[in-house]
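Residue numbers (my numbering): 5 to 383.
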């Protein structure tokens with residue numbers, strides 16, 4: 005009995021990718037330090053985030069024990085369940101602040117769109133692994149359908165931020181599987197032309213009576229206040245303006261820990277969640293922000309190393325997509341806080357408050373560790 009327990013402990017420790025674990029532990033320490041300053045009068049947030057980290061690390065460790073072949077067996081069921089839950093949200097979901105994104109099951113309220121950030125890349129990685137020996141154009145079309153189904157279901161909620169994250173992680177799997185860059189170049193060029201036209205025709209497009217048709221009114225407002233936050237400085241542009249003021253007031257060296265005036269006078273909106281980078285930048289300044297970026301860079305480098313050393317195509321595709329998911333999180337969050345991207349409600353990885361987001365990141369980290377430690381049996 006004692007030997008069995010001891011062997012289980014040894015196996016659990018061997019499942020951990022320690023370079024990645026050390027980086028995540030540093031993020032946990034830094035995240036809790038910043039959260040202590042950011043919570044202000046919001047009682048329970050610090051303790052809640054500590055609980056979230058403990059749950060996330062526990063889930064990460066559990067997932068790390070699952071080898072990739074075992075993970076592949078549950079991919080199709082969880083993808084189908086995820087899409088079914090998204091459809092259930094549209095039919096009888098819980099509505100809050102004009103969006104229907106949750107399912108209320110009595111004792112718990114869940115947000116199915118969060119699980120699709122992982123379900124979609126897992127499903128696509130499984131699909132391309134199964135067709136790796138004879139990949140055709142039709143396979144990329146099928147993969148596109150598998151991606152677009154949850155994407156449009158999330159868009160309908162509406163939740164543009166999560167939809168973009170789901171699309172990005174799924175798209176990276178398709179690209180890494182062999183999608184030609186020549187097919188993407190025209191889309192990239194059209195995107196640049198579209199951005200140029202929006203900038204040129206901003207006065208017309210942002211007029212109150214102009215209907216964008218494809219976007220909800222609040223999404224149009226986000227884009228227009230990005231172009232000029234002063235259009236509504238006390239309303240929709242308030243978040244962007246206050247975020248930039250906080251970052252600017254931090255200067256090079258920062259105001260010091262617990263000394264951020266924008267934070268402690270409650271000028272920064274959503275200071276424990278989407279805008280926690282503004283809290284960090286105000287108190288630790290440019291040098292502190294550079295150190296934070298270095299830590300994120302180390303995280304991405306380790307994830308890329310895991311991707312390059314993956315023993316299976318499923319592992320390589322999934323690890324590559326999860327790595328880009330981390331990058332996308334950081335880029336979008338910091339970009340919206342600094343006023344160069346629209347506000348879409350994307351948390352800063354391992355820094356922003358949130359149980360669901362941290363558990364999602366914990367599962368992603370566990371999958372990366374599983375891929376890192378997996379060694380196929382010979383013969």
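For each residue, glycine too, the CB sits at the ideal point set by N, CA and C.
For residue 373, the enclosing alpha helix (DSSP H) covers residues 359-377.
Taking a cut-off of 8 Å for Cβ pairs, the region 64-82 and the region 364-379 touch, as three or more such pairs fall below it.
In the structure shown, the three-state DSSP call for residue 277 is coil. In the structure shown, residue 106 adopts extended strand secondary structure according to DSSP, grouped into three states. Distance between residue 295 and residue 61, taken at the CA atoms: about 23 Å. Here residue 118 is buried: its Cβ has 16 or more other Cβ atoms, across all protein chains shown, within 10 Å. Your pair residue 89 and residue 107 checks out as a contact, with CB atoms roughly 6 Å apart and the cut at 8 Å.
In this structure, residue 57 and residue 19 do not form a Cβ contact; the two beta carbons are roughly 19 Å apart against a cut-off of 8 Å. Secondary structure remark: continuous alpha helix (DSSP H) runs of at least 4 residues inside the region 308-339: none found. According to the DSSP secondary-structure assignment, residue 114 is paired through a beta bridge with 107.
Contact annotation, residue 161 with residue 105: C-beta distance approximately 5 Å; criterion of less than 8 Å satisfied. Look at residue 261 here: in three-state DSSP terms it is coil, with no helix or strand label. Taking the C-beta atoms as reference points, residue 180 is found nearer than 8 Å to residue 324. Counting C-beta pairs with one atom in each stretch, the region 260-271 and the region 295-307 have fewer than three that are closer than 8 Å, which means they do not touch. Comparing C-alpha distances from residue 329 to each of 344, 369, 163, 345 shows the shortest one belongs to 369. Taking 8 Å as the cut-off, the beta carbon of residue 359 is found closer than this to the beta carbon of residue 59. Taking the C-beta atoms as reference points, residue 322 is found no nearer than 8 Å to residue 172. Rounded to whole angstroms, residue 310 and residue 26 show a C-alpha spacing of 15 Å.
If you keep only unbroken alpha helix (DSSP H) runs of at least 4 residues inside the region 156-237, you get 164-180, 185-204, 206-209, 221-231. With at least 16 other beta carbons inside 10 angstroms of its own, residue 133 counts as buried. Here the C-alpha atom of residue 253 lies approximately 28 Å from the C-alpha atom of residue 203. Residue 320 holds the alpha-carbon nearest to the alpha-carbon of residue 182 among 348, 154, 320, 346. Around the CB of residue 41, 16 or more other CB atoms lie within 10 Å, so the residue is classed as buried. In this structure, residue 123 sits near residue 86, with a CB-CB distance shorter than 8 Å. The closest CA to that of residue 248, considering only 284, 260, 120, is found on 284.
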